[in-house]
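Count the sequence shown with the numbering used here and you get residues 33 to 356, in order.
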Amino acid sequence: MIRNILMRMRKTFLLVGIPSLFGVTLTAQIDPQYQGWMRSMLPSLTAIQKAADNAAAADAATKLAETFDQVAAYWKPKQSPDAVGFAEAARDAAKAIAAGSADKAANLRKIQAQCNGCHMAHRGDDDPDRSAGGGKIPAGWSVRPDRGTADQINFTSVGDTYRFAMGPAGTFYRSDWTKSGNYGFSARLTQKQAPSHPISYGLSIGGSDQAGPNQTYSYFLVRSRGEYFIANREGDRTWFSPRIFSIKQPLTVVDWTAHPAIVKQGADGRQTNTLGIQVEGDSVIFTVNGTEVTRLPKSKIHTDGMYGFRIGHNLDVDVDQVNR
Ligand code: HEC
Numbered sequence: 033m034i035r036n037i038l039m040r041m042r043k044t045f046l047l048v049g050i051p052s053l054f055g056v057t058l059t060a061q062i063d064p065q066y067q068g069w070m071r072s073m074l075p076s077l078t079a080i081q082k083a084a085d086n087a088a089a090a091d092a093a094t095k096l097a098e099t100f101d102q103v104a105a106y107w108k109p110k111q112s113p114d115a116v117g118f119a120e121a122a123r124d125a126a127k128a129i130a131a132g133s134a135d136k137a138a139n140l141r142k143i144q145a146q147c148n149g150c151h152m153a154h155r156g157d158d159d160p161d162r163s164a165g166g167g168k169i170p171a172g173w174s175v176r177p178d179r180g181t182a183d184q185i186n187f188t189s190v191g192d193t194y195r196f197a198m199g200p201a202g203t204f205y206r207s208d209w210t211k212s213g214n215y216g217f218s219a220r221l222t223q224k225q226a227p228s229h230p231i232s233y234g235l236s237i238g239g240s241d242q243a244g245p246n247q248t249y250s251y252f253l254v255r256s257r258g259e260y261f262i263a264n265r266e267g268d269r270t271w272f273s274p275r276i277f278s279i280k281q282p283l284t285v286v287d288w289t290a291h292p293a294i295v296k297q298g299a300d301g302r303q304t305n306t307l308g309i310q311v312e313g314d315s316v317i318f319t320v321n322g323t324e325v326t327r328l329p330k331s332k333i334h335t336d337g338m339y340g341f342r343i344g345h346n347l348d349v350d351v352d353q354v355n356r
């Protein structure tokens with residue numbers, strides 16, 4: 033885990049060091065005070081780890097506890113109770129070490145679990161949106177980018193194939209693609225080259241007010257590791273990280289789940305799967321390459337409304353064999 037953080041740290045230094053490469057707007061948003069707290073943590077952890085016993089670790093543990101207290105206070109007004117929880121749990125474990133009362137190794141593990149948990153939820157990835165250029169969108173289509181602007185996205189239609197070259201992630205829809213009641217919608221999606229980390233893409237359904245602040249829709253995505261994900265968008269729930277101030281957060285319905293029907297990314301970086309959504313009475317059936325991966329009660333999913341595609345950031349994806 034520590035190696036992982038060190039690697040990310042190195043990446044972060046790079047990001048700070050070469051603003052011209054990654055764009056000044058991103059680097060400008062790093063909160064230096066927050067970064068200072070984070071950078072002080074690894075040395076404290078290492079000191080605790082190396083200390084012969086709790087007594088020898090007391091100074092470093094006290095410093096760590098104080099830092100976590102500041103981190104918790106930082107997150108309190110940001111409507112992120114989970115982040116406050118991670119920081120406070122880590123603080124309490126550091127305090128226990130400082131008090132000399134508890135098992136040092138067990139508390140260290142507890143602290144590291146909080147580092148991981150909070151990073152998973154609140155650390156922006158060090159993979160800024162590229163600009164795929166053009167801002168081209170075929171007539172009739174609309175896109176809602178998660179952040180940045182539609183000018184960073186290039187979407188063309190060639191014969192029966194839709195070609196998406198993404199900057200920021202986005203959801204694509206059109207007012208004359210709507211369905212309600214019982215229906216099926218499927219398409220074959222091909223990721224054309226490996227992303228720097230697993231990024232998802234797939235189908236969206238049940239859209240309403242998709243350009244507005246109260247947009248609702250559901251989506252069914254896959255990613256390189258052979259996993260799927262189902263989520264709802266219900267309005268602009270914003271997510272906060274000291275780096276990325278606001279990202280539109282989905283409400284997870286089925287978290288990332290591996291399924292053998294999903295073809296994984298190949299050695300050449302390509303991945304092709306046919307995704308399908310079938311609304312049948314009170315059920316919504318999700319298929320990959322014709323195999324049902326899950327079915328959910330219709331009450332959990334937005335099904336009536338606009339449908340289309342959702343493609344993750346920086347991906348190049350071709351969509352064909354659209355069945356609607
Ligand atoms: C309450 C949430 C939270 C906890 C707990 C937490 N971190 Fe972080 N950490 C973050 C966030 C958010 C960032 C990204 C900040 C940014 O990029 O602006 C970060 C960034 C970092 C960085 C990179 C700093 C840099 O150079 O930009 C390091 C190193 C780090 N954390 C170490 C740790 C360690 C070690 C622990 C546990 C001992 C820990 N963090 C616990 C939220 C947390």
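In this text, a Cβ means the ideal position worked out from N, Cα and C, and glycines have one as well.
Since we're looking at a predicted model, the values are computed, not measured.
Judged by DSSP in its simplified three-state form, Pro177 adopts strand.
The beta carbon of Met198 sits no closer than 7 Å to any heavy atom of the ligand HEC. The ligand HEC has no heavy atom closer than 7 Å to the beta-carbon of Asp91. When rounded, the separation of the alpha-carbon atoms in Gln247 and Thr323 is 30 Å. Selection Val351, Met338, Asp300 and Val286 evaluated against Arg327 yields Val286 as nearest (Cα-Cα). Between Ala293 and Asn264, the beta carbon gap of about 23 Å keeps them out of contact (Cβ cut-off 8 Å). Its chain contains Gln310 as the residues whose beta carbon lies nearer than 6 Å to that of Gly216, once the 5 sequence neighbours on both sides are disregarded; these appear in chain order.
One thing to note: Ala290 has its Cβ within 8 Å of the Cβ of Gly258. Residue ranges of uninterrupted beta strand (DSSP E) with 3 or more members, entirely inside the region 130 to 215 and ordered along the chain, are 174 to 177, 186 to 190, 193 to 197 and 202 to 211.
Here Ser250 is not near Ser228, since their CB atoms are 8 Å or more apart. The DSSP-derived three-state label of Pro245 is coil. At least one heavy atom of the ligand HEC lies less than 7 Å from the C-beta of Phe118. Bounds of any beta strand (DSSP E) do not take in Gly68; it lies within the alpha helix (DSSP H) bounded by Pro64 to Lys82. Counted as a single uninterrupted DSSP element, the beta strand (DSSP E) harbouring Thr306 occupies residues Gln303 to Glu312. Collapsing the DSSP output to three states places Pro282 in coil.
With respect to the C-alpha of Val103, the residue from Ile80, Ser72 and Ala130 having the closest C-alpha is Ser72. For Ile143, the distance from the CB to the nearest heavy atom of the ligand HEC is below 7 Å.
When Cβ pairs closer than 8 Å are counted between the two stretches, the region 177 to 188 is seen not to touch the region 133 to 149, the count staying below three. Contact annotation: Ser189 and Pro170 have beta-carbon atoms nearer than 8 Å. Restricting attention to Gly68, Leu96, Lys108 and Asp159, the CA atom closest to the CA of Ala131 is found in Leu96. For Asn355, the enclosing beta strand (DSSP E) starts and ends at Asp348 to Asn355.
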